[in-house]
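Engineer: For reference, the structure I am asking about is given below.
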Amino acid sequence: MSTPAPRKFRAPTSREALRLVRESLGDDAVVLASRAVTDGVEVIAMAEGDTESLMAAAAPPAPVVAAAAAAAAAAAAAVVPAAAVVPAAGADAAPPAAAGAAPDAVLSELHSMRSMIEERLASVLWNDQQRRDPVRGRLLRTMLGAGFSARLSQAMLGQLPPGQSYAQGLAFVRAELARALPVQQDEDAMLAAGGVYALVGPTGVGKTTTTAKLAARCVMRFGPEQLALVTTDGYRIGAYEQLRIYGQILGVPVHAVKDSASLHAVLGELQDKHMVLIDTVGMSQRDRAVSDQIAMLCSAGRPVRRLLLLNAASHGDTLNEVVYAYQRAGHGNELAGCIFTKLDEAASRGALLDTVIRHRLPVHYVSNGQKVPEHLVAASGAQLVDDALRGPAPGALFVPDPDLLEHVAPDAAPPTGGPAAAAEAPSERRQEQYQRLIRAMAHDAGEVAAAARSLEQAEVGFAAAHALWASEPAAQPDADATLAQLQQAARAEALAGCDSHVLAVCGRVRLDADEFGHGFDLHGSVLLSDRHGEPFAAPNQWLTASRDAKSGARQLQWLRQQDFGRPLMHLLPRPPAGDELARWSAEGLAWLARAGGSTLVTDLGPAATAPLCCLEPAFGSAQPLVFKGRAALRAQAETTVARRRGGADQVLRCLVRRTTDAASGKVLEHLFLLSNAPAEIAADRLWQWQDWSERADACLRLAGKGLALLGGGIDEPGTPALTRRLAIAGQVATCAWRVQHRTGDRAGRTRVLLAELAGRRSDGPLSGNVMYEGLAKLFPLLDALQADAAEAARPGSPA
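Heads up, the sequence shown is in our numbering, so the first residue is 2 and it goes up one at a time.
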């Protein structure tokens, strides 16, 4: 008996392709995937009866699935015979013998369609939700037609309360967009504060004209004598002359600078000016000189706040690229906000608002014409949202294709009575078929069960991570319950896996353009074992705007309030400064920090104040090692120093490590640690703890990856839903890190399985990101197997 294979259909449009599918395979045909091709659209589909035959041939028998699910859920003794557990092969390998004997060609095709089918499943789930509430479909089309991205639109509509009319839903969308859109709250406060502002952005965005408009608003507030204009544009012919003419009209001096030194000198001369506006050279977001321009502004001798100009008529992807490039290149000097230009030229404005919402970039002003100063107004969030939702002009060509939207969010009338059940039945059948197909492609159920048992027995936090990932938000009505659960698990791990201290590391990771929450920083506290350095918990994470400079103090304050069953040893990026040093001592908090050679201390021997690099401690015998590929010698020393803070000398341990070239004696590395750790903790132990601290940064980066996999809406930082997702992402990150670094054959086989579930090659080094993606696929796979086992156990279920 031959096994049916999927069929491909090509047509100029998706509507025509679906018509061909229905004519050839019937109304109940299952669309497995679709993609754009050079001559239109390609759809891969199978008849409904064929998919059932394929499922019967490819899916594991129900008893095997049920046994595997039971084993995975209970982590008990093996219920699948060892002979049935087939080691994972490559991504294109045929299923094990227990799974049937489907032809290699069909199986190869199924494996190649893994990602497409998963995307299609997500679409089916979304479609089913829209059929039950068709208002969402109409609202989605409204947002996409206005230029908003599908990602933001679906995230927002996912929060729409059920049972809304279109008018109520549109009001909800307006309110949510206005709430999420960051705008300058008080123009008067900004102008009253004064300072130096630089207008930056790509060529042709309107920086010079906007500088003149903003200068006019300043002159009307506090007179021309309190303002000065500066231009760094020495490339464009007539750039200085254009700004000079504006300056003459306003009675404001204009200065031209060409490099960092001249900018530093000019700003020094303008110290008496209430406000200075800098018109900069226009640069493409892909120009490497963007970072040089920002470096010049950062070295100007005075704080320079950058306002990014965004062309409202630009494509959404271009806007996103511009913001990301200018924000990333700041290296600590983040953008203060943005100004919309050319609003009068934009056919739609949704992409513009979408970009600043995702990057959390405050909108200061809106420029909607060439007149100076009339066509510059303070930004109004409600007005911007209203204008964006008016939709495209009649006859607009570049809006989403209704044929495509039909399959993303149908707008059918809500069925009632008998027809409702008839309409929902095919959707539910298709969902089940997709789920079964993905499970059949993924792996033998026994191998999945074995991997789950291995992870649970390895003590890498798998059970806790799985429970959190699988829990429904309704089961955790507030974030406090999730945090309490994490803290309880962290305490248990600390008591079992730490000797004398819990190593606590606070860190911050900027989320890049490929991860959730553009324009945010992810902050977290990661706990490590003092025995082996493994990160075992990330009990609290949060997001802040990238300009928030107080986050570090908040992290430490939160840690001080926790009890993990062992005293904390805080591994800090730098020694405490100012009165904070005295506070650490008064509260009895232990800390260890790497210090720079220029850090001033008091040597208790000669009682002289000097930088750390000038100390002359007694080094021990040098030990041979390989340092960065060359033979080297390393020696260590320890001495006692003091730092005066809070009116008293704080006595500290100072550890020094010097690495020299074995042949020439040249110093290759000279490191210093300062700590108030008790003397019973050996210096070698402190050095080891310091080296382990870098592992926390890797966990935070993985947590950022997890936010994208978890999904969610556009909640403001601090909302319960976002706090809960952050907590889950952090806990799974520690599990992924531990899985990545465990040794042994069983750990290696588990990593191969996770890599294949993630759709990655498993024949090379496997990163933490791959392990995280694999866990994100394994969790729902185990849940699906468990659901199948429960269904098979029900009375009357087929054997």
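Note that CB positions come from ideal geometry on N, CA and C, so glycine has one too.
1) As a quick exercise: from His571, Lys214, Gln732, Gln243, pick the residue whose alpha carbon is nearest that of Ile340.
2) According to DSSP, simplified to helix, strand and coil, what is Leu590?
3) I need the DSSP call for Leu767, collapsed to helix, strand or coil.
4) Am I right that Arg245 and Val258 are in contact with their C-beta atoms under 8 angstroms? What's the rounded C-beta distance?
5) Tell me the DSSP secondary structure of Met276 in three-state form.
6) Taking only runs of the alpha helix (DSSP H) that begin and end inside the stretch 122-201, which ones reach a length of at least 4 residues, in chain order?
7) Measuring alpha carbon to alpha carbon, tell me which residue in Val253, Arg644, Gly621 is nearest Arg872.
8) Taking C-beta to C-beta, are Val184 and Leu385 nearer than 9 angstroms?
9) Using C-beta distances below 6 angstroms, list every residue in its chain close to Met276, excluding the 5 sequence neighbours before and after it, in chain order.
10) Name the two residues that bound the continuous alpha helix (DSSP H) containing Arg218.
11) Pull up the distance between the alpha-carbon of Cys499 and that of Ala491, whole angstroms please.
12) Roughly how many whole angstroms lie between the Cα atoms of Trp592 and Arg654?
13) So, at 7 angstroms on beta carbons, what are the nonlocal neighbours of Asn704 in its own chain, with the 5 sequence-adjacent residues on each side left out?
14) May I ask you to list the residues that DSSP assigns as paired with Thr232?
15) Who are the near neighbours of Pro225 in its chain, counting only those whose CB is closer than 8 angstroms to its CB and skipping five residues on each side?
16) Would you kindly report the start and end of the unbroken beta strand (DSSP E) that includes Glu460?
17) Taking Cβ positions, are Thr209 and Ile279 nearer each other than 9 angstroms?
18) With 16 other CB atoms within 10 Å as the buried threshold, where does Gln556 fall?
19) Mind listing, in chain order, the continuous alpha helix (DSSP H) runs of no fewer than 4 residues lying wholly within the stretch 294-353?
20) Between Trp738, Ala680, Asp604, Ala632, which lies nearest to Gly707 when the distance is taken from Cα to Cα?
21) Assess, as a yes-or-no matter, whether the stretch 164-178 is touched by the stretch 281-300 under the definition of 3 or more beta carbon pairs within less than 8 angstroms.
22) Taking only the alpha-carbon atoms, compute the straight-line gap between Leu687 and Arg644 and give it to the nearest angstrom.
23) Hey, out of Leu140, His376, Asp531, Ala181, whose CA is closest to Gln169's CA?
24) Can you check which of these residues, Met47, Asp28, Arg696, is closest to Lys9 by C-alpha distance?
25) Distance, Cα to Cα, Leu656 vs Pro766?
26) I need the DSSP call for Phe780, collapsed to helix, strand or coil.
27) Counting only runs that start and end within the stretch 671-701, where is the alpha helix (DSSP H) found for 4 or more residues in a row?
28) Tell me the rounded alpha-carbon separation between Ala638 and Arg567.
29) Helix, strand or coil for Lys629, going by three-state DSSP, please let me know.
30) Write down the C-beta distance between Thr661 and Lys667 rounded to the nearest angstrom, noting that I regard them as a contact closer than 8 angstroms.
31) Within a Cβ cutoff of 7 angstroms, which residues of the same chain sit near Thr640, ignoring the five residues on either side of it in sequence?
32) My assumption, with CB atoms under 8 angstroms, is that Phe673 sits in contact with Gly598. Please give the rounded CB distance.
33) Quick check on Thr600: does DSSP put it in helix, strand or coil?
34) Taking 9 angstroms as the threshold (C-beta atoms), are Leu268 and Ala290 in contact?
35) Find out if the Cβ-Cβ distance for the pair Met297, Leu264 is shorter than 9 angstroms.
36) With a threshold of 16 other CB atoms inside 10 Å of the CB of Gly248, please say whether the residue is buried or exposed.
Structural biologist: The answer reads as follows:
1) Lys214
2) coil
3) coil
4) Going by Cβ atoms, the distance from Arg245 to Val258 rounds to 14 angstroms, so no, they are not a contact pair.
5) strand
6) 135-146, 151-158, 167-181, 188-194
7) Because the chain in this structure spans residues 2 to 800, residue 872 falls outside the shown range and cannot be described.
8) yes
9) Gly195, Cys219, Leu228
10) 208-223
11) 11 angstroms
12) 11 angstroms
13) Here residue 704 turns out to be Ala, not Asn, going by the sequence shown. Only Leu523, Gly525, Ala539, Gln542, Ala730, Gly731, Ala734 meet the Cβ criterion.
14) Ala257, Asp280
15) Leu251, Gly252, Val253
16) First-last for Glu460: undefined, no H or E at that position.
17) no
18) buried
19) 317-329
20) Trp738
21) no
22) 20 angstroms
23) Leu140
24) Met47
25) 35 angstroms
26) helix
27) 684-693
28) 28 angstroms
29) coil
30) 6 angstroms
31) Leu616, Pro618, Cys655
32) 6 angstroms
33) coil
34) no
35) yes
36) buried
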